[in-house]
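As structure tokens, the structure follows; a few thoughts come after it.
Structure representation (structure tokens):
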């Protein structure tokens, strides 16, 4: 009798469950609805709570010691890559330094093959704006612990973004926040458009290398930043709003491709610039 009662109860539960649907997760596309990290900053709140951020201090070793081979390699790379300032690749590095939207939305447009904007692709645009915060903030446990001096300060040289030098001189160099952000963007966009993975990842790598060209990060900062960016994206996959926004962004990409105009000559120039600088970038 007990088995029959249990079976009947399960049957009712199954029927009831089949008629009940989970509430649909809505991913906001309005900056006003999401809100800023700090009023007037232009940076939106991320998907992750502070306790959910990747722990860069736990993930990373200490930066290279001044008498180590790794530090010598950092120095050699600094001298090598900063020579590209004033070239077309240097101009790209200046553009890559700008994390503010709407300008930053265009960074991956050529690699993706779709113009990214708040108007044309609101979910894709929001995906980038919010993951920027999650990846960037994930670097600060290690930044605040090590407070590594940036190369342009050590060698008393100019960077390619002189207006930011006063702030950067006080902000820890290790790991690179820009590198974490750029690599997180590349991973997110690769997931949204896997057929464009090679071009997107190449652009993500170039974005992070731009920080060495500008002289504001050591190569080890950049490599550590990529690791933190990867960890941030891994954390994001447990967030339902991120996943909903990702699904909506995929749909936007598909629709945009269906009506896309031919890529501008600027995209061919960008690809050639990245390819041409690859020989001198480690």
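Residue numbers (full-length UniProt numbering): 1 to 282.
All C-beta atoms, glycine included, are put in the ideal place defined by N, C-alpha and C.
*Can you tell me whether residue 174 is buried or exposed, with buried defined as 16 or more other CB within 10 angstroms of its CB?*
buried
_Beta-carbon contacts of residue 197 that lie in its chain and below 8 Å, excluding the five residues immediately before and after_ = 190
_Is it buried or exposed, residue 147, if we count other Cβ atoms within 10 angstroms and call 16 or more buried?_
exposed
*To the nearest angstrom, report how far apart residue 21 and residue 170 are at their CA atoms.*
Bear in mind that the predicted position of residue 21 carries a pLDDT of just 48, short of 50, making it too unreliable to give a figure here.
*Three-state secondary structure (DSSP) at residue 60?*
coil
_Reduced DSSP secondary structure (H/G/I, E/B, other) of residue 36_ = strand
*Look at the alpha carbon of residue 240 and the alpha carbon of residue 51, and state the distance between them as a whole number of angstroms.*
16 Å
_Give me the residue from 265, 250 and 264 with the minimum Cα distance to residue 258._
250
*By the 10 Å Cβ neighbour count, where 16 or more other Cβ atoms means buried, how is residue 275 classified, buried or exposed?*
exposed
*asked:* Taking the beta carbon of residue 269 as the centre, do at least 16 other beta carbons fall within 10 Å, making it buried, or is it exposed?
replied: exposed
*Taking the alpha carbon of residue 81 as the point to measure from, which residue in 230, 210 and 233 has its own alpha carbon closest?*
210
_C-beta contact flag for residue 135 and residue 186 at 8 Å_ = no
*What is the rounded straight-line gap between the Cα of residue 32 and the Cα of residue 133?*
16 Å
_According to DSSP, is residue 137 part of a helix, a strand, or is it coil?_
helix
*asked:* Within the continuous alpha helix (DSSP H) that includes residue 95, where are the two ends?
replied: 88 to 96
*In chain order, what residues of the same chain have a beta carbon less than 6 Å from the beta carbon of residue 218, not counting five sequence neighbours either side?*
74 and 151
*Kindly identify the DSSP beta-bridge partner or partners of residue 227.*
Paired residues: none, contrary to the question.
*Given a threshold of 16 other Cβ atoms within 10 Å of its Cβ, counted over all protein chains shown, does residue 138 qualify as buried or as exposed?*
buried
*Is residue 52 near the ligand NAD, with its Cβ less than 7 Å from a heavy atom?*
No copy of the ligand NAD occurs in the structure displayed, which carries no ligand at all.
*Buried or exposed for residue 103, please, with buried defined as at least 16 other CB atoms from any protein chain shown within 10 angstroms of its CB.*
exposed
*Using the C-alpha atoms, what's the distance from residue 44 back to residue 141?*
20 Å
*Closer than 7 Å by C-beta to residue 199: which residues in its own chain qualify, once you throw out the five before and the five after it? Chain order, please.*
111
*Along the alpha helix (DSSP H) that carries residue 164, what are the first and last residues, could you check?*
Where residue 164 is concerned, there is no enclosing alpha helix (DSSP H), given that its DSSP letter is neither H nor E.
*Measure the C-alpha to C-alpha separation of residue 206 and residue 226 and round it to an integer number of angstroms.*
12 Å
*Whose CA, out of 265, 264 and 252, lies closest to the CA of residue 119?*
252
*Cβ neighbours of residue 244 in the same chain (closer than 6 Å, five flanking residues each side left out)*: 25 and 27
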